[in-house]
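**Student:** Per my numbering, the very first residue in the sequence shown carries number 1; after that it's consecutive.
Quick reminder that beta carbons are idealized off the backbone N, C-alpha and C, glycines included.
So that we are looking at the same thing, I have put the structure below in structure tokens.
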Amino acid sequence: MRAEQYQKALTYFVLAENRDAAQTFITTLPKNGPKTAQAQAWWQAAQILRHQGMALTGYEMVPDFAVYDGWYSSPYYGWGPEGSPMTKSWISAGERQCVQLSQPKQDNHFMHYRWQAVKLAEKSADLLPRKSQTYAAVLCHAAGWIWAQDPAKVKRLYKRYVKNGASFPWAENFGQNCPEPDFTASGVGRKERE
1 MRAEQYQKAL
11 TYFVLAENRD
21 AAQTFITTLP
31 KNGPKTAQAQ
41 AWWQAAQILR
51 HQGMALTGYE
61 MVPDFAVYDG
71 WYSSPYYGWG
81 PEGSPMTKSW
91 ISAGERQCVQ
101 LSQPKQDNHF
111 MHYRWQAVKL
121 AEKSADLLPR
131 KSQTYAAVLC
141 HAAGWIWAQD
151 PAKVKRLYKR
161 YVKNGASFPW
171 AENFGQNCPE
181 PDFTASGVGR
191 KERE
């Protein structure tokens with residue numbers, strides 16, 4: 001999944017629920033068609049990755065610790081079962097090197113799949129009318145997904161919204177209280193239908 005070799009990746013999912021989520025993600029990815037349909041597909045793919053990314057693209061060890069369901073992050077990596085960094089780790093130097101070589105080249109921070117989801121949400125926004133509620137709501141949700149982890153990226157998403165989007169009363173809590181994007185709203189897809 002991480003290398004975008006989706007069909008190959010399906011065979012690696014042992015749990016049916018994860019395999020089904022991966023298949024849904026693959027099926028959701030946009031095909032050719034109207035911009036609004038593509039935007040909605042990118043949005044749906046972003047939501048799947050945001051909510052099921054640990055199972056779909058999470059790393060077992062660093063940076064996501066999917067093996068622990070994401071409850072630990074890198075400060076715990078070298079700790080042994082005794083819980084003390086001063087104690088020799090149960091992870092060998094060779095294993096540590098393998099883990100370091102397999103880390104993501106980009107977005108190599110804890111819960112990296114959230115940044116991947118944000119990128120998909122931005123692809124959705126790229127295809128939407130900038131003054132629409134849909135555009136604003138997609139960016140709002142994307143900002144919320146990384147609110148506590150990446151304030152600089154949240155600020156860039158907000159600046160993008162302010163520069164291009166229309167004003168909405170809920171936007172004063174941008175990234176916090178976001179409405180669902182309305183892909184059926186007036187103006188979204190109108191030019192495609194005309």
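1. For the alpha helix (DSSP H) holding Y135, just list the boundary residues, first then last.
2. For Y158, report the span of its alpha helix (DSSP H) as first-last.
3. Taking only three categories from DSSP, how would you classify E180?
4. With a cut-off of 8 Å on the beta carbons, I'd call Y158 and A136 a contact; round off their distance for me.
5. Leaving out five residues on either side along the sequence, give the residues of the same chain with a beta carbon under 8 Å from the beta carbon of L120.
6. Determine the DSSP secondary structure at R2, reduced to helix, strand or coil.
7. Along the alpha helix (DSSP H) that carries F25, what are the first and last residues, could you check?
8. Do you know whose CA, among V99, Y6, F13, lies nearest L29's CA?
9. What does the alpha-carbon distance come out to for the pair Y59 and Q103?
10. Near I26, what residues of its chain come up, given a Cβ to Cβ distance below 7 Å and the 5 sequence neighbours on each side ignored?
11. Just reading off the alpha helix (DSSP H) that G53 is part of, what are its end residues?
12. Looking at the unbroken alpha helix (DSSP H) that takes in W115, where does it start and where does it end?
**Tutor:** The short version:
1. Stepping through the sequence shown from its first residue, residue 135 is reached at position 135. 133-145 is the extent of the alpha helix (DSSP H) around Y135.
2. Start at 1 with the first residue of the sequence shown, and residue 158 comes out as number 158. Annotation: the continuous alpha helix (DSSP H) that includes Y158 extends over 151-164.
3. As a first step, residue 180 must be located in the sequence shown, where it is residue number 180. Coil.
4. If you number the sequence shown from 1, residue 158 lands on position 158. If you number the sequence shown from 1, residue 136 lands on position 136. That pair is no contact at about 11 Å.
5. In the sequence shown, residue 120 corresponds to position 120, counting from 1. The answer, listed in chain order, is W42, W43, A45, A46, L49.
6. Your numbering for residue 2 matches position 2 in the sequence shown. When secondary structure is reduced to three states using DSSP, R2 falls in the coil class, being assigned neither helix nor strand.
7. Taking the first residue of the sequence shown as position 1, residue 25 is located at position 25. Here the alpha helix (DSSP H) through F25 covers 16-28.
8. Here the question's residue 29 lines up with position 29 in the sequence shown. Looking at the Cα atoms, Y6 is the closest of the given residues.
9. Position 59 of the sequence shown, counted from the start, is the residue given in the question as residue 59. Position 103 of the sequence shown, counted from the start, is the residue given in the question as residue 103. Roughly 8 Å between the two C-alpha positions.
10. By one-based count along the sequence shown, residue 26 stands at place 26. These residues qualify, in order along the chain: Y6.
11. Taking the first residue of the sequence shown as position 1, residue 53 is located at position 53. Segment 35-57, the alpha helix (DSSP H) holding G53.
12. The residue given as residue 115 occupies position 115 in the sequence shown. W115 -> alpha helix (DSSP H) spans 112-126.
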